[in-house]
Amino acid sequence: MPPRSTPRARAFARAILASLLAAGAAGCGTSARPTKTPVQVVEGPVKPVDVQDADFATTLARVLSDGSRTPERLGTVAGVVRRQLAHAERRFALGAPERGTSSVMGALYLVRVGEGQGAMVDASGARALDGAIRHLSTLGDEGRVHALMRMRATALGTSAPGRAELDEHLSNLERWIGDTHAGSPGVRLGAEARYLAARAMVDPSGETLDAAANAIEAWVNRGIEINRIFRQTGKRPERAEAMEAARSIETGAVMLASIFIRHGDAQGALSRIESSEVRLITEPALRRSLMVASEDGDAEAWEMVAAAFANEGAPTSEDEDEREERLDPCLVEAGVWGSVLEAYRKDPKNFRMAALLAEELVRLGMSEGAPAVLAGALGAQPSARFVAAANRIVFEAMAVDADAGDVDAVRRTFRAAAPILAAADRPEIATAGLEPTPARLRLLMASVEVRSGDLAAARPLFVAAAKGDPSVAAWIRVARADRQAKDSAAALDNLRRAYAAPDARVALADLAEAHLLAFEIQRDLGAADAAKAELADALTAALASQKQRGDAGMRARAETLLARVLEAYGDAKAARRAHDRALAVAATDRPALGATILQVTSRALVRRDLDAARAAVRQGLEADVDQEERIYGGLWLHLLERELRATPDDTATRALATNGDRDAWVVKLAQWALGRMTDDGLLAAAQNAAQRVEAEFYTAMARRASGDPAAAERLRKVADSPVLDLVEVQLARDLLAPNFRVELPQGAALP
């Protein structure tokens, strides 16, 4: 469940963001008793190792497996932290603040108490910390924000430009925290405990760890006292005090354990619990797991500790009061991380431990470390079950970073997964029915390469995926890559492989798509007879697909494919009827409806059918489809109105209304369409290859509508783009396609 935004969180966010803006680029604690946690430190300055992206996965794996506290290892840790913070900075730049913040946390979780070094944060790391501060401030996470700002100040140096301003903002923040940690004693102690515990998650100093432990103990003591008074006198405390008492008794022991386990210190956690009244509220399972981890310290013992924290993070009732009593998910995550890491260090060849750690690495923005950890645990004779699990984790790792737009991270993870893919390709494992298959991993990588504009890297991956898991759709992807590389002969050869694929008799929609692609290639080559034959086969397959049973999405797709075939025959009325049927079928399925509206509106743009475009976009508005689908539909309608010089109604304007993230690409497209951004501004705002191609398409279409003769050449550039999976690339091709007249086959029974 995402953190809720409260008035306090919003006020805190305003205070922090004002500080950051004023600073440019550039605690109030309570102590129950002067207990000190012994901390082993490395004396003297540490020189960070220069860790490059090519070495990051293997170097990270070494840091994870080796828990020693030597100057050599700490230099390696510092280098890995630096590189990971650079990865985090990139994710903030890509407009993925949640992934960027997780990546910052991942970097800091590699550093245990006593290992912090100012040299770990260089200029790139400082920018990453700024991004995390901004994001966490919107959530009201004052503990982690304060720790990150202190870290930022330390990295800046005492005499560096901007240090004085940052110190002033830190003082203001500390005053703000002191002023807001108010109220009854229990409320004040609870706020202080949560603040310091959150701070201890990222601040690797012994002083912060002790302050957090003392604050948690004081909070728990107050909760026990409130409970004791109630039992003795029957007098109920005020509601806020009662809620804090319940929360301290429910979560205090796990919270205290988490700040030590985050550093892999079961002995420290147990010692603090047993030497305070926290022992009175500690669950037996947690105490047992800490005892075993302290005494035996083997992998299974640490796995028990991880299970105790995982249980704290398990879903519970949706009752508001009960949610308030649960442990902060960040503390659960830190406890799981620390215990799983120690379990892995005790037995790095244990695949179960490696898989648990790999999943944590993915969550913390260190996906490329996951395959390195998994590969080391597979062994010389891996089981199909373990390889399948490794494939699943690697696929998820790649998908998460692909969603954030971090192509380089996906590439690093895929390269690190080479040993896993080699194991998955073994005949005895490949035939065991792995899911996901290695072909799916290669297909995902190929799709990411295409989106980045690297067709040369994508094509061999498409081929390998098609050979590993042959299907009509797989060979279509290869053929499209060939076509975009201007190798028509290879494209037609691979389409013939698609016709003969194992699923050709059932994947009729894909088969229709294959014949349509072959038709377009033959048409563009001027081979009229061959094009006519392929189009007839496409019609046969599309009509057969329309008769197949399936869900709303499948049936709507069959109708839109039939419409494309009918468009190629020049029968606009029949195509419009097919689109109307598609919209009717999809109306009962919101995701299918959004995709269908995009199909119908894009084809209406090609056919210059204003009524069809408006009707489809209006249906999307009435159904409240997702913003992205609504805006793209509105954008195509807007372009069509401009091209036809039609008087706009309010449909396109309503569809282009935006909400949410102002930095989102689709929002920028809407702003451009509404005249709030220039063509040059849109082109400059594009962050990656796919966005640049889209910007080139839309600005070219605007020029075309204004009569610019150079627009056709600009559209040709889009049509030839290596980012071949964009709708805009297909639209550009269709808008520039040569005229081709052919009659419908005699006797064709159209619905």
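According to mature numbering (1 follows the signal peptide of the UniProt record, and there is no 0), the stretch in the sequence shown is residues -25 to -1, 1 to 726, in order.
Note that the Cβ used here is the ideal one computed from N, Cα and C, for glycine as well.
Is residue i near the ligand ATP, going by C-beta to nearest heavy atom under 7 Å?
| i | result |
| --- | --- |
| A260 | As for the ligand ATP, it is missing from this structure, which has no ligand bound. |
On the CB-based measure, 16 or more other CB atoms within 10 Å of its CB, does residue i come out buried or exposed?
| i | result |
| --- | --- |
| T33 | exposed |
| N634 | exposed |
| V677 | First, the residue type needs correcting, since residue 677 is Ala and not Val in the sequence shown. Buried, since its Cβ has 16 or more Cβ neighbours within 10 Å. |
| A587 | buried |
| A441 | buried |
| V348 | buried |
| L710 | buried |
| R214 | exposed |
| Q574 | buried |
| D378 | exposed |
| Q459 | buried |
| T626 | buried |
| D683 | exposed |
| G227 | buried |
| E278 | buried |
| Q207 | exposed |
| P402 | exposed |
| Q356 | exposed |
Check whether the Cβ of residue i lies closer than 8 Å to any Cβ atom in chain C.
| i | result |
| --- | --- |
| R169 | The chain labelled as chain C is not found in the depicted structure, where only one protein chain is given. |
With a Cβ-Cβ cutoff of 8 Å, do residue i and residue j count as a contact?
| i | j | result |
| --- | --- | --- |
| A527 | V560 | yes |
| Y170 | E117 | yes |
| L409 | N366 | yes |
| P445 | A493 | no |
| D376 | S422 | no |
| P23 | G91 | no |
| L612 | R605 | no |
| F361 | F326 | yes |
| E287 | V229 | yes |
| A531 | A557 | yes |
| E443 | P411 | As written in the sequence, residue 443 is Gly, which differs from the Glu given in the question. No. |
| T622 | D654 | no |
| A533 | A484 | yes |
| G380 | V698 | no |
| V177 | L123 | yes |
| W640 | Q666 | yes |
| S264 | V280 | yes |
| A374 | L419 | yes |
| A694 | R708 | yes |
| I234 | A276 | no |
| A473 | W450 | yes |
| L35 | T76 | no |
Cα-Cα, which of the options is closest to residue i?
| i | options | result |
| --- | --- | --- |
| D468 | D240, Q92, V447, G89 | V447 |
| A570 | D599, Y544, N714, E167 | D599 |
| H62 | D28, R37, A397 | D28 |
| W312 | L85, L500, A347, A441 | L85 |
| A392 | D400, Q356, A379, A350 | A350 |
| A550 | Q523, V581, P566 | V581 |
| R74 | S40, K522, A384 | A384 |
| N196 | R211, P212, A217, S223 | S223 |
| R620 | R578, G158, A506, S681 | S681 |
| R320 | C305, A352, L306 | A352 |
| G650 | L614, D636, Q662 | L614 |
| Q721 | L706, N714, R401, Y544 | Y544 |
| S358 | E317, A405, L316, V369 | A405 |
| P726 | L706, E703, A632, K522 | K522 |
| R470 | D478, A101, E47, R452 | The sequence given here has Leu at residue 470, not Arg. With distances taken between Cα atoms, L470 lies closest to R452. |
| A562 | Q594, E542, A433, T535 | Q594 |
| D322 | A285, D478, P136, S40 | S40 |
| L491 | K461, W450, A503, L536 | L536 |
| A107 | G89, Q662, M126 | M126 |
| A397 | T113, A363, Q602 | A363 |
Mind reading off the beta-carbon distance from residue i to residue j? Whole number of angstroms is fine, and I expect it under 8 Å.
| i | j | result |
| --- | --- | --- |
| A345 | L331 | About 11 Å separates the two Cβ atoms, so there is no contact after all. |
| A547 | D584 | 7 Å |
| R247 | L231 | 6 Å |
| Q59 | S78 | 6 Å |
| L644 | L690 | Going by Cβ atoms, the distance from L644 to L690 rounds to 17 Å, so no, they are not a contact pair. |
| H554 | A567 | Not a contact, Cβ separation roughly 14 Å. |
| I191 | A173 | Contact flag wrong, Cβ pair sits at about 12 Å. |
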